[in-house]
Amino acid sequence: MPHPPQLFEEVWKLYNLPEREYQYAAIALLEKTKHHLTLQDLPNLRQLIESKSWWDSVDSIAPRIVGHVISEECLNGAPIMLEWSYADNLWTNRSAILHQLKYKRETDTELLTSIIRQHAASKEFFIQKAIGWALREYAKTDAEWVRSFTAHHSLMPLSRREALKNIEK
Numbered sequence: 263m264p265h266p267p268q269l270f271e272e273v274w275k276l277y278n279l280p281e282r283e284y285q286y287a288a289i290a291l292l293e294k295t296k297h298h299l300t301l302q303d304l305p306n307l308r309q310l311i312e313s314k315s316w317w318d319s320v321d322s323i324a325p326r327i328v329g330h331v332i333s334e335e336c337l338n339g340a341p342i343m344l345e346w347s348y349a350d351n352l353w354t355n356r357s358a359i360l361h362q363l364k365y366k367r368e369t370d371t372e373l374l375t376s377i378i379r380q381h382a383a384s385k386e387f388f389i390q391k392a393i394g395w396a397l398r399e400y401a402k403t404d405a406e407w408v409r410s411f412t413a414h415h416s417l418m419p420l421s422r423r424e425a426l427k428n429i430e431k
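Numbering-wise, this note's numbering puts 429 at position 167 of the sequence shown, and it's gapless, one number per residue.
Rendered as structure tokens:
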């Protein structure tokens, strides 16, 4: 397996090819080697997120790869995710919202709250959907926290509906 920076050389060779399937292959290569990635690789990951951006590539990179890197170095990684949440790029914002998607009990609810509150009034569909998805996923671990969060924070209707989808049935 190649290691950074050779890894990213290979990833970029694939990612820059015109067919979408090569981007999926690049993401699969990153996911297979994610245990070798560190916070120093986040700029490369962000560049991937901001290049040829679409929901399917971002939704693979953010929770599976960026999320893994941040989980390994939470103390230093959380401020970077907060920084990403202030970016001018909606896909970088979406990545900040979704990076903890697989964390379950390890979710940093303070960080999640900060990032969601910052984007709660966004009219952007992909941001609203990400907020709802992040909350809906965390509700599988702590439904009461999500109920309380949605009761005490103003969210766009789509975000609220998505957040409560499985706990208000």
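Each residue gets a CB set at the ideal place from its N, CA and C atoms; glycine is no exception. Bear in mind that the values here come from a model prediction, so they are computed numbers and not experimental data.
The alpha-carbon of S315 is positioned some 28 angstroms away from that of E372. In the displayed model, A382 falls within coil according to three-state DSSP, outside both helix and strand. Remark: three or more beta-carbon pairs, one from each stretch, lie closer than 8 angstroms, so the segment 304-320 and the segment 354-363 are flagged as touching.
When C-alpha distances from L269 are compared across Y286, L291 and A287, the shortest belongs to L291. In this chain, the alpha helix (DSSP H) harbouring H414 covers A405 to H414. Counting only the Cα atoms, H361 lies some 16 angstroms from A401. Between A340 and P280, the alpha-carbon positions lie close to 33 angstroms from each other. At a Cβ-Cβ threshold of 8 angstroms, I327 and K364 do not count as neighbours. For the set I332, E368 and L374, the Cα lying nearest the Cα of F411 is the one of L374. DSSP places R326 outside any alpha helix (DSSP H), giving it a letter other than H or E. Nearest Cα to E312 within the set L352, R282 and L276: L352.
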